[in-house]
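For the sequence shown, our numbering gives the first residue as 203, with consecutive numbering after it. Scroll down for the structure; my scribbles are underneath it.
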Amino acid sequence: MTYSVFIDGAAGTTGLEIADRLAARQEFELVRLHDDQRKDLNARRDAINNSDFVILCLPDDAAKEAVSLLESDHTRIIDASSAHRTAPDWVYGFAEFHEGQRERIARARLVSNPGCYPTGFLGLIAPLVARGLLPADWPYAVNAVSGYSGGGKALIERFEQEREIGFRGYGFNLEHKHMPEMKRHAGLDHDVVFAPAVVSAYRGMIVEVPLNLAAMKIAAKAADLLETLQDHYQGSSIVGVHDGSGVGELLLNDNDPATDRLELYVFANENGDLVRLAAKLDNLGKGAAGSTVQDLNIMAGLDETLGLRL
C-alpha cells in the first residue's frame, strides 16, 4: 500500500531533510505544491485533506493554522513544531522514552514530534524518574550545545557570515519554549534550568544533565542509572547507552555525517555519586527529521527504522 504524504513547510531545513529520507521510499508518495501555492490557503487546505499523512514543518502559529484547516476524517498529522508538544489531545512522538509510547503513536491521529534538546534530556531523565531512580521534585539543570542548523535558515545565514563566532549562548531570560515540554514529559515538579548554546558546527548536539546523587539523598549510584538506562533501551537499534568511564571526550565536528541515532552516556566519579548524564544526537536527525520519519513509519504500520540513517 502507498500512502500520500504532504509536508507543509517542505522548503525549510527540517522539511528538506524529511523529504530526502522519503525520496526513495516506495511506501510513500509525496504531495507537492508549486512554489506559488505554498502560501495559498486553499491549496494547502486541499493538500492537507486529500493526504493520508501531513507533516508540519512550520512556525508554531502557522502549524496551528494548518491544523485548523483539517476537515478530513482520515488525515493523520505529525507536527514537527513546538505548537502542540504539551497539548492534551496530541500524542508525544518519542517512541522510546516511556513504555507503551510506541503503541500510542501507532494508534494516534495527532502526533507532536519532540524538540531536539528535549529528546536528549528526556531520553536520559524520563526513564530514570519513571522507575524511581531519580526524584521528580529535584531542580534539574540542563547544559546543551547544538549545531547552528537547529536555528533554521536565518541562523544558518548568520553563522556562515560571522565565521569568527564559535559559541553563541542564548535563552538567558529562562523562558525557552522547550522548558514546559521537558518538565511535563519527564514528570517533574519544577521547571528545569535550561542553558542552551549554538556552536559553529553545522549539525549535531550534546545535552548534559549534571547530578549530585548524594545531595538527592537517594540510594542510587551511577552504576544503577547506567543499568536502568541499558535495560530500558535494550534491543533498540536507534538508542545506544554507554558507560562513560572509557570516554575522554564528546565532540561535535564540522563534517559530522547525518545520523538518526541517539547515544546516551553515564559519566561518574569513582564513588559513583557525582554524575554527568550526556546525550549526543543530530539536531536534524533524531532531533527533528529522523524522529518524524520514525513516527510516520510507526503510524503506517511499518518497520520504524525504514529510511533512517543508522
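Where is the CB? At the ideal position from N, CA and C, for every residue including glycine.
- In the DSSP assignment, the residues bridged to V395 are A343.
- Contact between V441 and L413 is ruled out by a C-beta separation of about 20 angstroms, above the 8 angstroms threshold.
- The stretch 494 to 508 makes contact with the stretch 280 to 297; the number of CB pairs closer than 8 angstroms reaches 3 or more.
- With respect to V394, A343 sits close: the two C-beta atoms are nearer than 8 angstroms.
- Here R478 carries a strand assignment [DSSP, helix/strand/coil].
- A straight line joining the alpha-carbon of R287 with that of M384 spans about 10 angstroms.
- DSSP, reduced to helix, strand and coil, places N414 within a strand of the structure shown.
- In the DSSP assignment, L452 falls outside any alpha helix (DSSP H) and carries neither an H nor an E.
- A421 carries a coil assignment under DSSP once its states are collapsed to helix, strand and coil.
- Contact check for A403 against N455 passes: the beta carbons are separated by less than 8 angstroms.
- With a threshold of 16 other beta carbon atoms within 10 Å, K488 meets it and is buried.
- The continuous alpha helix (DSSP H) containing E219 extends over residues T215 to L224.
- When secondary structure is reduced to three states using DSSP, S270 falls in the helix class.
- Inter-segment contact for the stretch 417 to 433 and the stretch 364 to 374 is absent: fewer than three beta-carbon pairs are separated by less than 8 angstroms.
- DSSP places H444 outside any alpha helix (DSSP H); the residue lies instead in the beta strand (DSSP E), whose first and last residues are V441 to D445.
- F323 sits in a helix when the DSSP states are folded into three classes.
- Membership of S493 in any beta strand (DSSP E) is not indicated; the residue belongs instead to the alpha helix (DSSP H) covering G492 to M501.
- Using a Cβ distance threshold of 8 angstroms, L486 and R360 do not count as a contacting pair.
- Positions of the alpha helix (DSSP H) runs, each at least 4 residues long and wholly inside the stretch 345 to 371, are given as 354 to 363 in order along the chain.
- A distance of 8 angstroms or more separates the beta carbons of A213 and R246.
- Annotation for E231: the continuous beta strand (DSSP E) segment containing it runs F230 to V233.
- For the set F230, D222 and I327, the Cα lying nearest the Cα of Y435 is the one of I327.
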